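Written out below as structure tokens is the structure these notes cover.
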Amino acid sequence: MCTHESMAKVQTYRYSQMNLINQQFLFLIFIKSFRQGKKREKKKELWGDFGGGEVYKSMKL
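For the sequence shown, the numbering used here assigns the number 376 to the initial residue and increments by one for each residue that follows.
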């Protein structure tokens, strides 16, 4: 029972770490596209369609 519980804790920790990395990743993309301005407007729109979950899924694959 104890080992199973600790495994679940580790998985939860790993997921939260990935989520944090994912948020930073999205933030960096936003900053980059914002700085590049109108030139990259189409790209920014494309990224805007994605939720965090979608990006996370595509990164995982």
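Backbone N, C-alpha and C define an ideal beta-carbon position, used for all residues, glycine too. Given the structure is predicted, the values throughout are model-derived calculations rather than measurements.
Let's test the definition: count the other Cβ atoms within 10 Å of the Cβ of residue 391 and tell me whether it reaches 16, buried, or not, exposed.
exposed
Environment of residue 408 [buried if 16+ CB atoms lie within 10 Å]:
buried
For residue 400 and residue 383, I'd like the C-alpha separation in whole angstroms.
26 angstroms
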